[in-house]
Amino acid sequence: MNFGKSILSPSYLRKPDFTSHESPEKVFNFECVNCQNNVKVKFKEIIGAEWSWKSYFDAQTVNEISAFYKMNLVGKTPDGGWTAISKVECKNCKTEYLIYSGVNEASNSFYIITLQGITEILEDESFENRV
Ligand SMILES: [Zn+2]
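Quick note on numbering that gives the first Met the number 0: the sequence shown kicks off at 0 and runs consecutively.
Right under this line is the structure:
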């Protein structure tokens, strides 16, 4: 995976962006680095990714993402949550972003989510050959 510009980088100081006591429709907004369009990250789509994200990528990509965000071996994010990786696309210019978040299940089905990384995914050079 080729990483482009980061809008957000991991930090121990990051405050939670979402708790599941809030509306499940709540989103995190950021500006696309290529077209300044508003891109939305849906928190409800992050919950669950802490268990499943590694199955969405091949082993090499998992290693590249882990190295890029300097993940620890335990799988915990700087905020103490479980690592969740998801993707979101700019609806306007189709730029894809990798979303790195920490998911804490503070009590049964009560989730606290802290965004730790938003990074542009550059198109893979081999992509054109595959189409
Ligand atoms: Zn865009």
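Ideal Cβ positions, reconstructed from N, Cα and C, are used throughout, including at glycine.
Which of the three DSSP states is assigned to residue i in this structure?
i, result
"residue 61", "helix"
"residue 128", "Its pLDDT being 48, under 50, residue 128 is placed unreliably in this model, and the coordinates cannot settle the point."
Any heavy atom of ligand 1 closer than 7 Å to the Cβ of residue i?
i, result
"residue 107", "no"
"residue 91", "yes"
"residue 94", "yes"
"residue 36", "yes"
"residue 28", "no"
"residue 33", "yes"
Considering only residues of the same chain and omitting the five flanking positions on each side of residue i, which have a CB-CB separation below 7 Å?
i, result
"residue 61", "53"
"residue 25", "17 and 42"
Using a Cβ-Cβ cutoff of less than 6 Å, which residues in the same chain neighbour residue i once the five nearest sequence positions on both sides are dropped?
i, result
"residue 11", "77"
"residue 126", "Only weak support is given to the placement of residue 126: the predicted model assigns it a pLDDT of 49, under 50, and the value that follows is read from those uncertain coordinates. Same-chain partners within the cutoff: there are none."
"residue 143", "Not covered by the structure: residue 143. The range shown for the chain is 0 to 130."
Starting from the C-beta of residue i, find all residues in its chain whose C-beta is less than 8 Å away, skip the five residues before and the five after it, and write them out in chain order.
i, result
"residue 14", "113"
Which ranges would you report for the beta strand (DSSP E) in the region 44–91 if only whole runs of at least 3 residues count?
-> Counting whole runs of 3 or more residues, the region 44–91 contains the beta strand (DSSP E) stretches 81–88.
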